[in-house]
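If you want my numbering, it's the position in the sequence shown, counting the first as 1, plus 18. Note that the Cβ used here is the ideal one computed from N, Cα and C, for glycine as well. Since this is a predicted model, take the numbers as computed values, not measurements.
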Amino acid sequence: MNRFTIPRDIYFSENALDILKSLEGKKALLVIGGGSVKENGNLETIENNLAEANVETKLIEGIKEEPSTDLVQEHLETVKDFEPDWIIGIGGGSPMDAAKAFWLFYEHPNLSFEDATKPFELPELRTKAKFIGIPTTSGTASEISNLSVITDSETGVKYPLASFELTPDLAIIDPVMVESMPKRVTAYSGMDAVTHSIEAYVAKPRTTFTDALAKEAAEILRENLLSSYKGDKDSREKVHYAQAMAGMAFSNAVLGNVHSLAHKSGPTFGVPHGCANAIYLPYVIQFNRSVVEDRFAALAKRIGLEGQNDQEFVDALIEWVRELNREMEVPNTLQEFGVSEELFNEHVDKMAENAVEDPCTGTNPRETSVEEMKKLFVAAYYGQEVDF
Numbered sequence: 019m020n021r022f023t024i025p026r027d028i029y030f031s032e033n034a035l036d037i038l039k040s041l042e043g044k045k046a047l048l049v050i051g052g053g054s055v056k057e058n059g060n061l062e063t064i065e066n067n068l069a070e071a072n073v074e075t076k077l078i079e080g081i082k083e084e085p086s087t088d089l090v091q092e093h094l095e096t097v098k099d100f101e102p103d104w105i106i107g108i109g110g111g112s113p114m115d116a117a118k119a120f121w122l123f124y125e126h127p128n129l130s131f132e133d134a135t136k137p138f139e140l141p142e143l144r145t146k147a148k149f150i151g152i153p154t155t156s157g158t159a160s161e162i163s164n165l166s167v168i169t170d171s172e173t174g175v176k177y178p179l180a181s182f183e184l185t186p187d188l189a190i191i192d193p194v195m196v197e198s199m200p201k202r203v204t205a206y207s208g209m210d211a212v213t214h215s216i217e218a219y220v221a222k223p224r225t226t227f228t229d230a231l232a233k234e235a236a237e238i239l240r241e242n243l244l245s246s247y248k249g250d251k252d253s254r255e256k257v258h259y260a261q262a263m264a265g266m267a268f269s270n271a272v273l274g275n276v277h278s279l280a281h282k283s284g285p286t287f288g289v290p291h292g293c294a295n296a297i298y299l300p301y302v303i304q305f306n307r308s309v310v311e312d313r314f315a316a317l318a319k320r321i322g323l324e325g326q327n328d329q330e331f332v333d334a335l336i337e338w339v340r341e342l343n344r345e346m347e348v349p350n351t352l353q354e355f356g357v358s359e360e361l362f363n364e365h366v367d368k369m370a371e372n373a374v375e376d377p378c379t380g381t382n383p384r385e386t387s388v389e390e391m392k393k394l395f396v397a398a399y400y401g402q403e404v405d406f
């Protein structure tokens, strides 16, 4: 039996934020990242809309980096003291992932982080609060997904907390939130969305529903991501919707080795998540093509790439990803990003071990050993072709 779960309601297009004026509740905790959502006036709009609904608000801000267990503990007393019945994550993946972790440990203060990392074994939520996601970037799809990615402060290892309980109750996808998104954020978040659509399409738990969303998202991204990066307003809106569609796909089909590699190396090398995905994606496609070449080829055809046979279509898919990176000034190797060879060699063995244990490795279409995971890291560091 399969399952497909997305937020109860998704409001999108111009003025979608207006739905907050009719929110039923007493208190809403707002979690944001940097100051841009304040500077562009969008936070004020959100607060005014909630005030119109007679909902009291409290703000936790400054979640600029990927959240850690220490950060969660730092703010948890504030959450408990305020006693919100809504928690609203506003931003990219980091603020929304942090907000989901606040939600989880607010409802279950005695839950250990170790138990929280067990995939799809979280206890029931919504006994104290519900969750709203409002994205200010176009890639993570945290407003859609059942994931919260948290770094263990003791080990530095990043873990995806995964459960359908973490699926937001409400997603608000308003294009006004991404109108002033910087080019680098547009590039990194956009490549995150590209990765979500491709990995979801070949992941082991894929279904008819996830396939449809992954293909459509990939096609919209092919047609609009580069022009969105260059500042086209209409394309930016379309990409904002496409990333949510990719989110619906991967939240139910899960992901693969690209995310396993990114989760375990991002904190170590300081590589932003979307950038890490962009680097690893071509190498993982090469690795997986031996078992799902027909799937990659079908996706390449759907998005309008050229080829005469499956091999040529997959080659075109790999080159499309690399060319997107080049045109948006995203590195194609870890070395190009600036990771020193000494630092890479110091950590690669442990990263490979940890990546194999990542939940996303279990849904990758090709089984992967620690030795193969290390080879993928090495290939992505030096820019080597994957022929193993």
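Between residue 301 and residue 354, the alpha-carbon positions lie close to 15 angstroms from each other.
Unbroken beta strand (DSSP E) runs of no fewer than 3 residues, entirely contained in the region 166-228, are found at 176-180, 188-191, following chain order. Taking all protein chains in view, the Cβ of residue 333 is crowded by 16 or more other Cβ atoms within 10 Å, so the residue is classified as buried. Ranked by how close their Cα comes to the Cα of residue 244, the residues 125, 22, 404, 338 have 338 in first place. Judged by pairs of C-beta atoms under 8 angstroms, the region 191-198 touches the region 250-268, as three or more such pairs exist.
When Cβ pairs closer than 8 angstroms are counted between the two stretches, the region 26-42 is seen to touch the region 63-82, the count reaching three or more.
For residue 75, the enclosing beta strand (DSSP E) stretches over residues 74-78. Separation of the CB atoms of residue 83 and residue 205 is rounded to 19 angstroms, and the pair is thereby denied contact status at 8 angstroms. Between the region 94-113 and the region 137-153, the count of C-beta pairs closer than 8 angstroms reaches three or more; the two stretches touch.
For the pair residue 345 and residue 202, the Cα-to-Cα distance works out to about 12 angstroms.
With the rule of 3 Cβ pairs closer than 8 angstroms, the region 233-242 counts as touching the region 207-225. Assignment of residue 45 by DSSP, reduced to helix, strand and coil, places it in the strand class. For residue 300, the enclosing alpha helix (DSSP H) covers residues 291-320.
In the DSSP assignment, residue 27 falls within the unbroken beta strand (DSSP E) covering 27-30. Annotated as distal: residue 70 and residue 50, with beta-carbon spacing of 8 angstroms or more.
Annotation for residue 391: 370, 373, 374 place their beta carbon closer than 6 angstroms to its own, counting only its chain and skipping 5 residues before and after. DSSP links residue 105 through a beta bridge to 47, 149. In the DSSP assignment, residue 34 falls outside any alpha helix (DSSP H) and carries neither an H nor an E.
C-alpha of residue 42 to C-alpha of residue 68: approximately 10 angstroms in a straight line. Runs of the alpha helix (DSSP H) lying entirely within the region 355-386 and spanning at least 4 residues, in chain order: 359-375, 377-380. In the DSSP assignment, residue 58 falls outside any alpha helix (DSSP H) and carries neither an H nor an E. In this chain, residue 159 is not harboured by any alpha helix (DSSP H), its DSSP state being neither H nor E. In the structure shown, residue 246 falls within a helical segment according to DSSP collapsed to helix, strand and coil. In its chain, beyond the 5 residues on either side, 178, 180 have a beta carbon closer than 6 angstroms to the beta carbon of residue 165.
Annotation: residue 404 is outside any alpha helix (DSSP H) and is labelled neither H nor E by DSSP. The C-beta separation of residue 382 from residue 297 comes to about 17 angstroms, leaving the pair out of contact by the 8 angstroms criterion.
With distances taken between CA atoms, residue 59 lies nearest to 154 out of 386, 154, 377, 368. Its chain contains 321 as the residues whose beta carbon lies nearer than 6 angstroms to that of residue 240, once the 5 sequence neighbours on both sides are disregarded; these appear in chain order. Residue environment analysis places residue 167 among the buried positions, since at least 16 neighbouring C-beta atoms fall within 10 angstroms of its C-beta.
The Cβ-Cβ distance between residue 157 and residue 292 falls below 8 angstroms. The alpha-carbon of residue 260 is positioned some 18 angstroms away from that of residue 299. Under DSSP, residue 86 shares a beta bridge with 169.
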